[in-house]
Each structure stands twice: as C-alpha cells, then as structure tokens.
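**Q**
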Amino acid sequence: MPSRTGRDVHTPGSPARKRGDHGLSIIVPCFNEAKNLPGVHGRLVETAQKLWAQRGLRIEVVYIDDGSRDNTYAVACGLPAANLDVQVLSLSRNFGKEAALTAGLHHARHGALLFMDGDGQHSPDLIERLVSHWLDDGYDVIYMAKANRKSEPISRRVMAKVFYALINFRARYKLPHDAGDFRLLSPRAANALRQMPERNRFFKGMASWIGFRQLRVDYEPVARAHGETNWNIASLIGLSIEGLTSFSVAPLRVASLLGLILASIALIFGASILYETLVYGKQVPGYPSMAVGLMVLGGVQLIMIGVMGEYIGKILSEQKARPVYFVADHHTRNADESAHDNASQRATRPDAAE
Ligand code: UDP
Ligand code: MG
1 MPSRTGRDVH TPGSPARKRG DHGLSIIVPC FNEAKNLPGV HGRLVETAQK
51 LWAQRGLRIE VVYIDDGSRD NTYAVACGLP AANLDVQVLS LSRNFGKEAA
101 LTAGLHHARH GALLFMDGDG QHSPDLIERL VSHWLDDGYD VIYMAKANRK
151 SEPISRRVMA KVFYALINFR ARYKLPHDAG DFRLLSPRAA NALRQMPERN
201 RFFKGMASWI GFRQLRVDYE PVARAHGETN WNIASLIGLS IEGLTSFSVA
251 PLRVASLLGL ILASIALIFG ASILYETLVY GKQVPGYPSM AVGLMVLGGV
301 QLIMIGVMGE YIGKILSEQK ARPVYFVADH HTRNADESAH DNASQRATRP
351 DAAE
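The sequence shown runs 1 to 354 under UniProt numbering.
Here it is as structure tokens:
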C-alpha cells in the first residue's frame with residue numbers, strides 16, 4: 001500500500017536505507033506512449049543513477065497508463081527497474097491527463113514529486129537542475145515555463161493571452177504565464193497538494209495556489225519523437241474553460257462588470273434621448289436603436305447564463321463526489337529486486353478520490 005502521508009517508504013535492503021532517507025517520485029501520465037516510453041525511461045535511469053551517486057537521492061518513477069489504446073501498459077511493465085523503483089498504474093479507461101496526474105499523486109511513495117510528460121517533450125536532462133533548485137536553493141515548487149510561443153500558431157497564442165488575462169483578473173494568486181505541467185514539488189508542497197480534495201482538478205492552478213517558495217525556470221519543449229499531441233483547438237478551448245471555471249470566479253466577475261457597463265451606457269443613452277426630446281423637441285429615435293439594444297442585451301444575458309451553467313455543472317460534479325479515476329491494474333517493482341505484480345490485489349481503488 002503506497003504511503004499517502006508523503007513519508008518515504010523503503011524496502012528492506014534498498015540503497016536508501018544505507019545512503020539516505022530522502023527520495024523523489026517522478027509521475028509520468030501516458031496516453032498511447034508505447035513508442036516513447038523506452039527512450040524516456042532510459043534517460044530517467046541515467047538521471048536516477050547520477051542523483052543517487054551525487055546526492056543519495058532515491059528515485060521512483062510512476063507511470064500512469066491513462067486508458068491507452070496501444071500497449072503502453074505492457075511496455076511500461078517491461079521497463080527495467082535499474083537504479084530506480086518502478087510503479088505502473090493502469091486506469092480503467094481514459095480519464096484525461098489531470099486525473100492521471102491525480103492517480104500519480106495518490107500512489108507516489110516519496111515525499112517530493114516531479115511531474116513530467118511521457119512523450120519526451122519534457123527533457124529528463126533538466127531533472128538534475130530542478131533537484132538542485134529544490135535541495136540546494138530551498139525552493140518548494142519549481143515549474144518549467146515555455147520560454148516563448150513563437151512556434152505556435154497565432155490562434156493558440158491569442159487564446160493563451162485571453163486565458164491568462166481572464167484567470168488572473170483581479171485574482172490574489174496570479175497564475176504564472178505559460179507554465180506547463182513539468183514541475184517539482186518539495187515534500188511540504190506535495191503534502192499541500194494532497195490536501196486539496198476537489199474533483200475538478202487543474203494542476204497548474206493548484207500547484208501555484210498552494211504558495212510556498214516558487215521558482216520559474218524557462219525552457220524550450222523538445223519536439224515529440226513519436227505520435228502526436230492529444231490536444232486540438234477544440235479540446236484546448238475545453239481545457240481553458242475547465243481551468244477557468246474550476247479555478248477562478250473571474251468569468252462571473254466579468255459578467256457583473258459587463259452588466260454594470262451596459263447598464264451605464266443604457267442610462268447615458270436614455271438621458272441623452274430625454275434631453276434631446278425636451279430641449280430640442282427631437283423625435284425619439286426609431287426601432288433600429290431599440291433592436292440593437294435588445295440584441296446586445298439578449299446576447300450578453302445568454303452568454304452569462306452559459307457561464308453560470310458551467311459553474312452549476314461544477315457544483316453538481318463536486319457534490320456527486322465521484323472518484324476521479326479507477327485503477328484497473330497496478331504493477332510495482334523495487335530497484336534491484338525481483339518484480340512482484342500486485343494486479344490481483346484490487347480491481348478498483350475505492351479510496352482513489354480521497
Ligand atoms: N495524456 C494523458 N491522458 C490524456 C491525454 C494526454 O495522460 O488523455 C498524457 C500524454 O501521454 C503526455 C501528456 O499527457 O504524456 C501530455 O500530452 P500531449 O503530449 O498530448 O500534450 P502537449 O504536450 O501537446 O501539450
Ligand atoms: Mg506533449
């Protein structure tokens with residue numbers, strides 16, 4: 001049973017017992033990454049070896065197969081547990097990246113956590129730098145952010161700008177621009193994240209909201225070696241709405257602000273009509289101005305009903321309190337030890353959403 005308290009769990013005879021008692025769990029969500037995993041794992045093994053030799057830091061990697069359609073689970077289970085412990089979770093279906101990250105958070109056995117993608121775009125070579133910022137400089141949350149978005153289409157860049165402007169609108173905790181899910185959390189930051197019970201998860205926002213000492217590191221994501229991104233413009237818009245509504249009430253505030261602005265304009269317009277009629281004896285302007293006014297108000301009201309609907313949907317799903325994911329299979333191997341498969345232990349994890 002993995003530790004859910006954030007304390008390290010060590011296996012008898014494991015190197016950590018002899019060298020040190022601190023460790024790092026690397027959480028890697030995978031959806032159809034069978035071709036990418038061996039390459040990523042090879043580099044993680046090298047990094048684990050260095051970190052063990054230099055700092056006595058024990059590494060565990062947790063692969064979460066998020067209902068892949070290829071043989072990601074079989075490939076992950078076959079990866080060598082050399083210099084690092086390997087856990088492989090297979091979710092009962094595709095739940096989405098945020099759910100996969102949550103499964104990793106719940107099953108990680110070490111205090112400190114590192115989240116990275118399984119497609120090789122988050123270079124394992126940067127892990128040493130992140131660890132150094134954590135152990136040497138004392139930072140709690142070290143997040144990698146895209147240095148620039150020059151390679152992205154203009155539509156995506158504009159969308160990102162609008163998204164950050166909205167989510168940070170009058171917010172006390174500003175979400176850093178262009179931060180991805182590649183980040184390291186110290187044990188106390190990881191514990192804070194574990195205490196957040198919401199079902200509608202938005203990791204980027206949550207990891208920044210917890211506070212502690214945060215550090216931004218700019219980087220250039222590497223190109224995908226195999227396969228293609230799981231995000232298109234429609235799913236990105238969906239993710240942005242999800243992030244916005246599960247993390248901020250800014251859209252509701254914008255609604256109030258818009259209502260206030262429109263009401264003020266209507267008042268001024270009404271006053272000017274009254275003035276012109278009374279002073280100059282002008283006729284009241286005809287129906288075009290009325291039609292425009294009605295359409296603007298009708299449109300704005302419908303948009304705002306939609307925005308409120310999003311929040312009501314969130315309240316419903318939080319109130320239902322369903323687990324965020326179910327684990328179908330779970331495979332654990334400790335470094336330098338023979339594999340033991342505890343797939344039979346449980347088909348689902350009733351405590352998954354604790
Ligand atoms: N991913 C996942 N579940 C999904 C979609 C994606 O676990 O439903 C994983 C995917 O395997 C990868 C990471 O999330 O490791 C990022 O996905 P992707 O590369 O498609 O996104 P991008 O890098 O283009 O933002
Ligand atoms: Mg990617």
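No residue lacks a Cβ here, since even glycine has one placed at the ideal position from N, Cα and C.
Kindly examine ligand 1 and report whether one of its heavy atoms sits closer than 8 Å to the Cβ of Cys77.
**A** Against the sequence shown, residue 77 aligns to sequence position 77. Cys77: no, Cβ never under 8 Å from ligand 1.
**Q** Between which residues of its own chain and Leu193 is the CB-CB distance below 7 Å, once the five residues before and five after are set aside?
**A** One-based indexing of the sequence shown puts residue 193 at position 193. For Leu193, where only same-chain residues beyond five positions count, the Cβ hits under 7 Å are Leu105, Leu185, Met206, Ala207 and Ile210.
**Q** Would the region 295-305 and the region 41-58 be scored as touching if the rule is three or more Cβ pairs under 8 Å?
**A** As far as the Cβ criterion goes, the region 295-305 does not touch the region 41-58, which means the pair count is below three.
**Q** Can you tell me whether Gly20 is helix, strand or coil according to DSSP?
**A** The residue given as residue 20 occupies position 20 in the sequence shown. A caution first: Gly20 carries a pLDDT of 39, below 50, which makes its placement in the model unreliable, though a value can still be read off. In this structure, Gly20 counts as coil in the three-state DSSP scheme.
**Q** Any chance you could list the alpha helix (DSSP H) runs of at least 4 consecutive residues sitting entirely within the region 203-266, in chain order?
**A** You should have 203-209 and 233-247.
**Q** Which term fits residue 394, buried or exposed, when burial requires 16 or more other beta carbons within 10 angstroms of its beta carbon?
**A** Since the first residue of the chain shown is 1 and the last is 354, residue 394 is not available in this structure.
**Q** Cβ of Pro29 within 8 Å of any heavy atom in ligand 1?
**A** Residue numbering aside, residue 29 sits at position 29 when the sequence shown is read from its first letter. Because some heavy atom of ligand 1 lies under 8 Å away, the Cβ of Pro29 counts as near it: yes.
**Q** For ligand 2, which residues count as neighbours when the test is a C-beta closer than 7 Å to any heavy atom?
**A** Qualifying residues, in the order they occur: Asp117, Asp119, Gln121, Arg224 and Thr229.
**Q** Should His330 go down as buried or exposed, given a rule of 16 or more other Cβ atoms within 10 Å for buried?
**A** In the sequence shown, counting from the first residue as 1, residue 330 sits at position 330. Counting Cβ neighbours within 10 Å, His330 comes out buried, since at least 16 surround it.
**Q** Answer yes if the region 170-186 comes into contact with the region 112-128, meaning at least three C-beta pairs across the two stretches below 8 Å, and no otherwise.
**A** They touch, by the three-pair rule.
**Q** For Phe269, which of helix, strand or coil comes out of DSSP?
**A** As a working mapping, residue 269 is identified with position 269 in the sequence shown. Looking at Phe269 - three-state DSSP - the assignment turns out to be helix.
**Q** Please state whether DSSP places Arg58 in a helix, a strand or coil.
**A** For the purposes of this step, residue 58 is identified with residue 58 of the sequence shown, where counting begins at 1. Residue state, collapsed to three classes: strand.
**Q** Do Gly67 and Asn94 come within 9 Å of each other at the CB atom, strictly closer than that value?
**A** Taking the first residue of the sequence shown as 1, we reach residue 94 at position 94. Taking the first residue of the sequence shown as 1, we reach residue 67 at position 67. Yes.
**Q** Measuring only the C-alpha atoms, how far is Leu89 from Leu130?
**A** The sequence position of residue 89 within the sequence shown is 89, counting from 1. The sequence position of residue 130 within the sequence shown is 130, counting from 1. Spanning the two alpha carbons is a distance of roughly 25 Å.
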